[in-house]
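Input: a single structure, listed below in structure tokens.
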Amino acid sequence: MKALLAIGIAASAVCLAGCAAQPLTKADVDGLVVCNSDQMDQVERAARRSNIHVTWVRCPTATLRVV
């Protein structure tokens, strides 16, 4: 019974390892467009100081470049 359980656990681990996400490469990341969280933070801080409510419809974007 213990051997069957061990074989089942090992088989499950092998199956789940095949589904793991692949690490990103330079080609995957270079040119990726993401939200610019630094600029959003600056705008929200300035709005809080001025007592203004900010609602984001589209986030400001930044393009990631890998060197």
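Heads up: the sequence shown begins at -15 in my numbering, then just goes up one per residue.
We put the CB at the ideal spot given by N, CA and C, even for glycine.
Considering just the uninterrupted stretch of the alpha helix (DSSP H) at residue i, what are its terminal residues?
i   : result
V27 : S21 to R33
Counting along the chain, where does the beta strand (DSSP E) carrying residue i start and finish?
i   : result
A46 : T45 to T47
Grouping DSSP H, G and I as helix and E and B as strand, with all else coil, what is residue i?
i   : result
V13 : helix
V41 : coil
V50 : coil
Can you round the beta-carbon distance between residue i and residue j to whole angstroms, since I take them to be within the 8 Å contact cut?
i   : j   : result
Q23 : P44 : 5 Å
T47 : V17 : 5 Å
R49 : D14 : 6 Å
With a threshold of 8 Å, are at least 3 pairs of Cβ atoms found where one atom belongs to the stretch 20 to 33 and the other to the stretch -4 to 6? With a cut-off of 8 Å, the stretch -4 to 6 and the stretch 20 to 33 do not count as touching, because too few Cβ pairs lie within range.
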